[in-house]
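Here is the structure we will look at.
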Ligand code: SF4
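In my numbering, the protein residues as written are 71 to 287.
Here it is as structure tokens:
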């Protein structure tokens with residue numbers, strides 16, 4: 071395997087061919103924020119939080135899924151990157167409900183933490199109607215509150231790649247897009263057992279363990 075040398079925020083990184091920009095940045099101590107990325111899942115680049123600027127390219131690139139190339143000059147915190155990243159997080163927050171939106175001290179929501187780090191301030195983007203779904207607690211293992219979902223698709227990947235099941239999929243389009251089970255059916259014990267892997271990967275609290283027995287219908 072060949073070696074690649076690239077410059078990230080002025081520091082030279084020497085990594086193996088095939089390494090992503092995100093992984094290369096970490097080798098020189100540079101953290102790029104992520105939301106949909108996890109080292110043990112195949113990168114999808116869905117959320118666009120990890121975008122960086124590569125000199126000579128017209129558009130910002132997703133660092134979690136873009137392999138680094140020899141001679142690349144990369145900026146992870148340029149004004150262009152920070153403006154785009156902040157707008158992305160603000161848009162995700164605008165389409166997201168849950169206690170983290172009003173309770174800034176909640177520790178459950180990675181999106182809220184990201185918004186705080188980027189100093190989102192007062193919301194700039196307001197949805198014409200909120201994305202709202204009733205809470206689903208049809209089995210004792212997973213409680214789904216799809217109003218909190220940011221469509222990062224980590225639950226779909228974790229279920230497929232780690233649990234080796236295929237419980238979740240994505241359906242509908244645009245604003246109506248939703249993570250569903252089968253044909254948007256309830257997540258019953260027939261379909262889902264107790265592995266809980268999707269809960270571990272969900273960054274927003276949209277998936278959680280039912281806390282009260284009375285909640286399970
Ligand atoms: S339920 Fe959670 S993990 Fe799944 S897409 Fe929504 S936010 Fe992401």
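Heads up, the beta-carbon is just placed ideally off N, CA and C, and yes, glycines get one too.
- request: List the residues that DSSP assigns as beta-bridge partners of residue 123.
  value: Taking the chain shown and counting its residues from 1, the one referred to as residue 123 is at position 53. BP columns for residue 123 point to 145.
- prompt: Do you know whose CA, among 195, 246, 237 and 187, lies nearest residue 343's CA?
  reply: Lying before the first or after the last residue shown, residue 343 is absent from the chain, which here runs from 71 to 287.
field: Where residue 251 sits in the DSSP three-state scheme
entry: Counting from 1 along the chain shown, the entry for residue 251 is found at position 181. Three-state DSSP puts residue 251 in a strand.
query: Between which two residues does the alpha helix (DSSP H) carrying residue 34 extend?
result: There is simply no residue 34 to check, as the chain begins at 71 and stops at 287 in what is shown.
field: At least 3 beta-carbon pairs within less than 8 Å: the stretch 246 to 262 vs the stretch 140 to 149
entry: As far as the Cβ criterion goes, the stretch 246 to 262 does not touch the stretch 140 to 149, which means the pair count is below three.
message: Assuming the contact rule is C-beta atoms closer than 8 Å, residue 78 and residue 146 should be a hit. Round their C-beta distance to whole Å, please.
response: By 1-based counting over the chain shown, the position of residue 78 is 8. By 1-based counting over the chain shown, the position of residue 146 is 76. Residue 78 to residue 146, Cβ: 7 Å. Contact.
message: Could you check if residue 273 belongs to the surroundings of the ligand SF4, using beta carbon to heavy atom distance under 7 Å?
response: Against the chain shown, residue 273 aligns to sequence position 203. Because some heavy atom of the ligand SF4 lies under 7 Å away, the Cβ of residue 273 counts as near it: yes.
field: Limits of the alpha helix (DSSP H) - the one that residue 270 falls within
entry: Indexing the chain shown from 1 puts residue 270 at position 200. For residue 270, the enclosing alpha helix (DSSP H) starts and ends at 267 to 271.
- request: Measuring alpha carbon to alpha carbon, tell me which of 183, 178, 118 and 96 ends up nearest residue 153.
  value: By one-based count along the chain shown, residue 153 stands at place 83. The candidate whose alpha carbon is nearest that of residue 153 is 118.
Reference residue 163, options 151, 194 and 206, closest by Cα: Locating residue 163 in the chain shown gives position 93, where the first residue counts as 1. Selected option, being the one with the closest Cα: 194.
message: Classify residue 226: buried if its beta carbon has 16 or more other beta carbons within 10 angstroms, exposed otherwise.
response: The residue given as residue 226 occupies position 156 in the chain shown. Counting of Cβ neighbours within 10 angstroms places residue 226 among the buried residues, the total reaching 16 or more.
- prompt: Comparing the C-beta of residue 270 with each C-beta of chain C, is any distance below 8 Å?
  reply: Reference to chain C is not applicable here, since this structure consists of a single protein chain.
query: What is the residue span of the beta strand (DSSP E) that residue 232 lies within?
result: The residue labelled residue 232 in the question sits at position 162 within the chain shown. Looking at the DSSP string, residue 232 is not in any beta strand (DSSP E), and its letter there is neither H nor E.
- request: Identify, in the order they occur along the chain, each residue of the same chain with its Cβ nearer than 7 Å to the Cβ of residue 223, setting aside the five sequence neighbours on each side.
  value: As a first step, residue 223 is located in the chain shown; it is residue number 153 there, counting from the start. So the qualifying residues of the chain are 106, 114, 116 and 240.
query: Between the stretch 230 to 238 and the stretch 265 to 273, are three or more C-beta pairs nearer than 8 Å?
result: The stretch 230 to 238, when compared against the stretch 265 to 273, does touch it at the 8 Å Cβ threshold.
task: Mind checking who residue 139 pairs with in its DSSP beta bridge?
output: What you label residue 139 is simply residue 69 of the chain shown in a count that begins at 1. None; residue 139 has no bridge partner.
field: Neighbourhood of residue 150 by C-beta distance below 8 Å, restricted to the same chain and skipping five residues each side
entry: Walking along the chain shown from the start, residue 150 turns up at place 80. Taken in chain order, the residues that qualify are 123 and 130.
message: Can you tell me whether residue 223 sits near the ligand SF4, meaning its C-beta is under 7 Å from at least one heavy atom of the ligand?
response: The residue labelled residue 223 in the question sits at position 153 within the chain shown. Yes, the ligand SF4 has a heavy atom inside 7 Å of this Cβ.
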